[in-house]
Amino acid sequence: MHYWVRASSSDFGGTVPQPRSGHSAVNIGKSKVVVFGGLVDKRFLSDVVVYDI
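Everything in the sequence shown is counted per UniProt numbering, starting at 1 for the first residue and increasing by one.
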């Protein structure tokens with residue numbers, strides 16, 4: 001069964017990425033999620049964030 005768990009910023013180390021829309025995300029295996037780009041305040045982002053889940 002799959003279920004959602006709400007994460008807070010204290011669950012992660014390092015800098016928290018900006019909230020964004022229009023981004024791309026992909027799951028790699030069972031332990032990583034990669035997020036690329038997006039849009040913040042009419043400005044396009046080109047950063048990459050990797051979450052180790």
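Glycine residues also receive a C-beta, built at the ideal position from the N, C-alpha and C atoms.
Using only alpha-carbon positions, find the residue among the options that is nearest to residue i.
i, options, result
"Tyr-51", "Asp-41, Val-40, Pro-19, Val-26", "Val-26"
"Ser-21", "Arg-6, Val-35, Ile-28, Gly-29", "Val-35"
"Lys-32", "Arg-43, Lys-42, His-23, Ile-53", "Ile-53"
With 16 other CB atoms within 10 Å as the buried threshold, where does residue i fall?
i, result
"Val-49", "buried"
"Gly-14", "exposed"
"Gly-38", "buried"
Within its chain, find whatever has a CB closer than 8 Å to the CB of residue i; leave out the 5 residues flanking it on each side and keep chain order.
i, result
"Ser-9", "Val-16"
If I measure Cβ to Cβ from residue i and keep anything under 6 Å in the same chain, skipping five residues before and after, which residues do I get?
i, result
"Val-40", "Gln-18, Arg-20"
Tell me whether residue i sits in a helix, a strand or coil according to DSSP, three-state version.
i, result
"Ser-21", "strand"
"Asp-11", "helix"
Note down, in chain order, each residue of its chain lying with its Cβ closer than 7 Å to the Cβ of residue i, except the 5 sequence neighbours on either side.
i, result
"His-23", "Val-35, Phe-36, Gly-37, Gly-38"
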